[in-house]
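Engineer: Dropping a structure here in structure tokens format, bear with me for questions.
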Ligand SMILES: *[C@@H]1O[C@H](CO)[C@@H](O)[C@H](O)[C@H]1NC(C)=O
Ligand SMILES: *[C@@H]1O[C@H](CO)[C@@H](O)[C@H](O)[C@H]1NC(C)=O
Ligand SMILES: *[C@@H]1O[C@H](CO)[C@@H](O)[C@H](O)[C@H]1NC(C)=O
């Protein structure tokens, strides 16, 4: 059902600032999502069209490749043969005089076999610099560009937009287009649930391909920072797929430890316990935001140990604002997914208070809500301590 909330998708940093500073409840947008089930775009929709040319690289996407913002992971897919896994790049469009070698991989899911999925990490980039890059070879070489984030500092601006539960419906296209109208946005904080391919028979993984072609128009140019949701689990023993999170982890690697190493029993907890990235964010006085990529996904045993070790590492002199992304919200007044995050909230919320998390973005519930600062309460508004929460998006 529904649509990404307009406010959520595109007001980007403005919304964040409002949340952080004003956070008054009440109507925030004229936008009303439509009632009823969202309809997926047909497989032959123009936004899913592969680029022309034999074995042309498709599904190009980037994500930040290190803590500081001086690396970028470039990923793409070729379908006929592997081709080259090398990215050419440079600060001038006409002289891509640097290169980074990568690797390709392939996976199967039931009777689906993926294309050749390439990942290449470009390192030692300058801050706040526009780079051009190219993937593919010969006539089907394709060129894109991105801008690295500025070096972190208390007064450095950075603009991003939270997005989640995007899917590939007609409404998804409207939502992405709306995000794109904010020309200042430099990165997406994605709160989980990418493609909804698992809603298809046999989790039809061709819908991972269509989704990646659909979002390439943005994702090839700005890093999306990933958090996984329940639609990334893809645990399907009835299809012989017992290793969770395979399509997601093969296609969207993050620079730090991956959660897919966990045993399958944990996966049943994921829906409510969620997966989270943790970010160091600097919010300077002028209201824009610098994101300093802080960590990847949970480590040794479930998120618990990871988060326990991670929070103290955030240096709040360097990172005065701390934002956490998660999939299932901890506070939600909507009837759908009501209190699904409760066990996780009980477990982790004391740390959020202790380490003074400023802002939490969540998805999962496809209705926009935000709260006053709130913590450790049975959904009572107005407590002085705690975080601001935001949920957004489509229906699951
Ligand atoms: C690439 O070209 C730029 C000038 O456009 C130059 O500053 C840089 O040193 C060159 N890099 C390499 C690796 O040759
Ligand atoms: C996979 O199996 C399903 C069910 O048997 C079938 O409909 C589909 O065409 C198959 N797909 C491929 C790629 O073989
Ligand atoms: C935190 O960052 C500040 C400013 O860069 C630095 O002076 C300080 O040593 C850091 N603290 C720790 C514990 O690393």
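Residue numbers (mature numbering (1 follows the signal peptide of the UniProt record, and there is no 0)): -25 to -1, 1 to 371. Don't be surprised by glycine CBs; every beta carbon is placed ideally from N, CA and C.
Could you compute how far the alpha carbon of residue 351 sits from the alpha carbon of residue 93?
Structural biologist: Translated into positions along the chain shown, residue 351 becomes position 376. Translated into positions along the chain shown, residue 93 becomes position 118. In a straight line, the C-alpha of residue 351 is about 44 Å away from that of residue 93.
Engineer: What do you reckon, are the CB atoms on residue 143 and residue 177 nearer than 8 Å?
Structural biologist: As a position in the chain shown, residue 143 is number 168, starting the count at 1. As a position in the chain shown, residue 177 is number 202, starting the count at 1. Cβ distance not < 8 Å, so residue 143 and residue 177 don't count as in contact.
Engineer: Distance, Cα to Cα, residue 85 vs residue 17?
Structural biologist: In the chain shown, residue 85 corresponds to position 110, counting from 1. In the chain shown, residue 17 corresponds to position 42, counting from 1. In this model, residue 85 and residue 17 are separated by some 22 Å (Cα to Cα).
Engineer: Is the segment 203 to 219 close to the segment 41 to 48, with three or more CB pairs under 8 Å?
Structural biologist: no
Engineer: Report the three-state DSSP secondary structure of residue 198 (helix, strand or coil).
Structural biologist: In the chain shown, the residue the question calls residue 198 occupies position 223. Residue 198 falls in the coil class under three-state DSSP.
Engineer: DSSP state of residue 105, grouped into three classes?
Structural biologist: For the purposes of this step, residue 105 is identified with residue 130 of the chain shown, where counting begins at 1. Here residue 105 sits in strand by DSSP.
Engineer: Which of helix, strand or coil does DSSP assign to residue 137?
Structural biologist: For the purposes of this step, residue 137 is identified with residue 162 of the chain shown, where counting begins at 1. Reduced to three states, the DSSP call for residue 137 is strand.
Engineer: Rounded to a whole number of angstroms, what is the C-alpha to C-alpha distance between residue 166 and residue 286?
Structural biologist: Indexing the chain shown from 1 puts residue 166 at position 191. Indexing the chain shown from 1 puts residue 286 at position 311. Taking the straight line joining both Cα atoms gives about 19 Å.
Engineer: Does the Cβ of residue 127 lie closer than 7 Å to at least one heavy atom of ligand 3?
Structural biologist: By one-based count along the chain shown, residue 127 stands at place 152. The answer is no for residue 127.
Engineer: Would you mind sorting residue 55 into buried or exposed? The rule is 16 or more other CB atoms within 10 Å of its CB.
Structural biologist: Numbered from 1 along the chain shown, position 80 holds the residue referred to as residue 55. Classification for residue 55: exposed.
Engineer: Cα-Cα, which of 159, 183, 202 is closest to residue 222?
Structural biologist: Position 247 of the chain shown, counting from 1, holds the residue named residue 222. Looking at the Cα atoms, 183 is the closest of the given residues.
Engineer: Looking at C-alpha atoms only, which residue of 347, 36, 314, 345 is the closest neighbour of residue 119?
Structural biologist: Looking up residue 119 in the chain shown gives position 144. Taking only the C-alpha atoms, the option nearest residue 119 is 36.
Engineer: Just to be sure I understand the criterion: a residue counts if its Cβ is closer than 7 Å to at least one heavy atom of ligand 1. Which residues meet that?
Structural biologist: 65, 66, 67, 70, 72, 73
Engineer: Can you tell me where the beta strand (DSSP E) holding residue 64 begins and where it ends?
Structural biologist: Working through the chain shown from its first residue, we reach residue 64 at position 89. Its beta strand (DSSP E) spans residues 62 to 65.
Engineer: Count Cβ pairs between the segment 98 to 106 and the segment 57 to 75 that sit closer than 8 Å; are there 3 or more?
Structural biologist: yes
Engineer: If you pair each beta-carbon of the segment 191 to 201 with each one of the segment 109 to 123, do three or more pairs fall below 8 Å?
Structural biologist: yes
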